[in-house]
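Colleague: Residue 1 is where the sequence shown starts when you use UniProt numbering, and the numbers rise one by one after that.
Glycine included, C-beta positions come from ideal geometry on N, C-alpha and C.
Because the structure is a prediction, the values reported are computed rather than measured.
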Amino acid sequence: RPSIPVKQKPKEKEKPPPVNKQENAGTLNILSTLSNGNSSKQKIPADGVHRIRVDFKDLEFHGVMRFYFQDKAAGNFATKCIRVSSTATTQDVIETLAEKFRPDMRMLSSPKYSLYEVHVSGERRL
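See the structure below:
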């Protein structure tokens, strides 16, 4: 008599820890998803925003974002992640990125850097 395999209950997805509603009443955590649609818990996504915390009380956000540096002379790209905040100025972000991407160039003459938002269509916005 052949044995019939027993169907096992599918594994449940890990649930995030419960939110302390009193402590986090004015904040929202936004987790990005990977391109294949899986939720990102420990893996860092390939593009864009990794994690943003929005504080509705002060209307501020804090998070980690990925930036790309295009070296036109060498014709290549480099990528770095930094922590950003809505309270930081563009100059603060550019200085941090310059330290991360080109620490050797920081002490030389003041180079000009620009920050662009690049869309999937290839459109660039300053």
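Secondary structure at residue 80, three-state DSSP: helix, strand or coil?
Modeller: In this structure, residue 80 counts as strand in the three-state DSSP scheme.
Colleague: Give the DSSP bridge partners of residue 61, in chain order.
Modeller: For residue 61, which the question treats as bridged, DSSP gives the partners 54.
Colleague: With contact counted as at least three CB pairs below 8 Å, one residue from each stretch, are the stretch 109 to 124 and the stretch 82 to 89 in contact?
Modeller: Segments in contact, no.
Colleague: Nearest by alpha-carbon distance to residue 80: which of 101, 55, 54 and 125 is it?
Modeller: Here the closest residue by C-alpha is 101.
Colleague: Taking residue 93 as part of the alpha helix (DSSP H), name the residues at either end of that continuous run.
Modeller: Residue 93 -> alpha helix (DSSP H) spans 90 to 101.
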